[in-house]
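Data block below; observations after.
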Amino acid sequence: MADVKMPKLGESVTEGTLGKWLKQVGDSVYKYEPLVEVVTDKVNAEIPSDFEGVLTAILVQENETVQVGTRIATIEEAVSSNSASETVASERVAQSENMESVAPSASTTSANGTNTTFTNGVGRRSESSDAPRYSPAVLKIAQERGIDLDKIIGTGMEGRVTRKDVLAYVPTATPSLVASASATQGPTTDHIQPSIKQNEQPVQSLVQTSAQSPTNEEWVPVTAMRKTIASRMVQSKHQAPHAWMMIEVDVTPLVRLRERHKAEFKQREGVDLTYLPFFIKSAVEAIKEFPVINSTWAEDKIIIKKDVHISIAVATDQALVVPVIHHADRLNILGIASSVADLARRARAGKLTLADVQDGTFTVNNTGAFGSILSQPIINAPQAAILSVESIVRRPVVRDDDSIAIRSMVNLCLSLDHRILDGWVAGQFLRTIKKHLEGLNESTSLY
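Residue numbers (full-length UniProt numbering): 1 to 447.
Structure, rendered in structure tokens:
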């Protein structure tokens, strides 16, 4: 039996939280095939299998945090001999017996005529048996919530009831859920019980948090990645006193520059010429003039970073990741555009490495991609500030000579750690970015 252990995903990473298991007990697993998602405080990664065979046990459940090196699963390695198949089969039987002892309902069903047989090392119920088999995770959730598993239609292999099926199950008799939840809360329910009797909705919702959603709501389990994001955002808001500042910029010259070069750039370099590299480049140039923007608060000192590593926020279907363009101050527009395209592609494919998300010193957030024109981003702690680039919009503008012209305008929003930065330096920083952007023209070099 081969042990699958929590891998070390970086030098400074000592633990990880298991996300979604991509394989279930009984599933065949190929070598290097992803087994489970793991979330650390720095990266979300899929853990591949080092073995080929059958997943025989899941030892750590989803959303549990364990130390590096902890056994999280076991795999019966694939061999061709009959003895190996027999060994797996006997372990399957033992596992089935253990599950029956956990769940009374399953045990009863088994005693009424279960005839479990196994072939080729993979457990299957015979055609003559209707007794269901449940994983330990399913039995645990059902037992905690008082759910009768016989009422759930399984969507797993051969109709097996999965953990997801149990979590999605909504019973028809909701009053019993409130009673069950109250009974499990012990003395603390004394002050809640009268409220339940009076049908006060806020208290009733509090009780149901640990039970089952009502029929008019959908409760989505919080993933490990979402928990990590939530923890980081609370930490940032709690530790860093946020202040905000905004400046509007006439980027008409930038729009003309991009329109002139984008087709040729795409054909020659194989990368889309978007606006974001220009904003990143302008922010980098401003950081060179005001290096305190590129710093960290350390209680007894302010640490100004000499390396300029720009974090960029990339939204995926389920989460937000922040990969880093390292040494962005050494790159031209082409270099930044290539890095943005590469990091965004790998972020959305879940292919980022730990190194890709480490050591960011300042963040540029492209909320304009969603059509936003104003935002107040939360600082990517322990950085000192974050810049949001809003959507470029065409609108009438009164110019210095009192004429009115249609221009392409954008708002740049800066959130700053007020322990480090004050309005003066933040304002000068934004003015420098504005000056750089408005100084572009159609002949500006991209290389």
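Ideal placement from N, C-alpha and C gives every residue a C-beta, glycine not left out.
All values derive from a computational prediction rather than experimental measurement.
**Stretch-stretch touch, CB-based, cutoff 8 Å, three pairs: the region 346-364 with the region 281-297** = yes
**Request:** List the endpoints of the continuous beta strand (DSSP E) containing Gly-16.
**Result:** 15-21
**Asked** Under the three-state reduction of DSSP, which class applies to Lys-301: helix, strand or coil?
**Response** coil
**Message:** Looking only at its chain, what residues have a beta carbon closer than 6 Å to the beta carbon of His-436, apart from the 5 residues adjacent to it on each side?
**Reply:** Ser-282 and Glu-285
**Message:** Buried or exposed, going by whether 16 or more other CB atoms sit within 10 Å of the CB of Ile-433?
**Reply:** buried
**In DSSP terms, what Met-409 is bridged to** = Asp-250 and Val-393
**Item:** Reduced DSSP secondary structure (H/G/I, E/B, other) of Pro-48
**Value:** strand
**Request:** Consult DSSP for Ile-287 and reduce its assignment to one of helix, strand or coil.
**Result:** helix
**Prompt:** Out of curiosity, what's the CA-to-CA distance linking Val-393 and Ile-287?
**Reply:** 26 Å
**Request:** Within its chain, find whatever has a CB closer than 7 Å to the CB of Glu-289; leave out the 5 residues flanking it on each side and keep chain order.
**Result:** Thr-432
**Asked** Cα-Cα, which of Tyr-169, Ile-420, Pro-48 and Glu-15 is closest to Gln-383?
**Response** Ile-420
**Item:** Reduced DSSP secondary structure (H/G/I, E/B, other) of Val-138
**Value:** helix
**Item:** Nearest candidate by alpha-carbon position, reference Met-233, set Gln-428, Pro-377 and Ala-2
**Value:** Pro-377
**Asked** With distances taken between CB atoms, is the gap from Ile-247 to Leu-412 smaller than 8 Å?
**Response** yes
**Prompt:** Taking one C-beta from the region 212-222 and one from the region 233-242 each time, how about it: are there three or more such pairs within less than 8 Å?
**Reply:** no
**Message:** Closest to Pro-34 by C-alpha separation, out of Ala-355, Lys-351 and Ala-426, would be which residue?
**Reply:** Lys-351
**Message:** Is Val-249 close to the ligand GDP? I mean its beta-carbon at under 7 Å from any heavy atom of the ligand.
**Reply:** The ligand GDP is not among the ligands present in this structure, which contains no ligands whatsoever.
**Item:** Proximal residues to Thr-70 (C-beta, below 6 Å), its chain only, five neighbours per side dropped
**Value:** Met-6
**Asked** What residues in its chain sit with their C-beta under 8 Å from that of Tyr-30, if we drop five residues either side in the sequence?
**Response** Ser-49 and Glu-52
**Asked** If we call anything under 8 Å between Cβ atoms a contact, is Asn-365 one with Tyr-447?
**Response** no
**When Asp-317, Gly-368 and Ser-372 are compared against Arg-345, the one with the closest alpha-carbon** = Asp-317
**Asked** Would the beta-carbon of Val-398 fall within 8 Å of that of Arg-348?
**Response** no
**Item:** Three-way DSSP call (helix, strand, coil) for Trp-219 in this model
**Value:** coil
**Prompt:** Nearest-angstrom Cα distance between Ile-152 and Ser-213?
**Reply:** 16 Å
**Asked** If we ignore side chains and look at the alpha-carbon of each, how far apart do Leu-414 and Arg-407 end up?
**Response** 22 Å
**Prompt:** Considering only the beta carbon of each residue, do Glu-438 and Pro-277 sit closer than 8 Å?
**Reply:** no
**Request:** Using the Cα positions of Arg-258 and Ser-445, report the straight-line distance between them to the nearest angstrom.
**Result:** 11 Å
**Asked** In this structure, does DSSP put Pro-34 in helix, strand or coil?
**Response** strand
**Message:** For Trp-244, list the residues DSSP reports as bridge partners.
**Reply:** Ser-415
**Message:** Checking the sheet assignment: what are the DSSP bridge partners for Thr-362?
**Reply:** The sequence given here places Phe at residue 362; Thr does not occur at that position. In DSSP, Phe-362 forms a bridge with Ile-310.
**Message:** For a test of the three-state rule: what should DSSP assign to Asp-317, helix, strand or coil?
**Reply:** coil
**Item:** Buried versus exposed call for Met-1 [16 or more other C-beta atoms within 10 Å across all chains shown]
**Value:** exposed
**Item:** Backbone CA spacing between Asp-400 and Asp-250 [nearest angstrom]
**Value:** 13 Å
**Terminal residues of the beta strand (DSSP E) in which Asp-3 lies** = 2-5
**Request:** Could you tell me if Ala-405 is buried or exposed, where buried requires 16 or more neighbouring beta carbons within 10 angstroms of its beta carbon?
**Result:** exposed
**Prompt:** Quick one: what's got a C-beta closer than 6 Å to Gly-368's C-beta in the same chain, skipping five residues either side?
**Reply:** Val-389, Glu-390 and Ser-391
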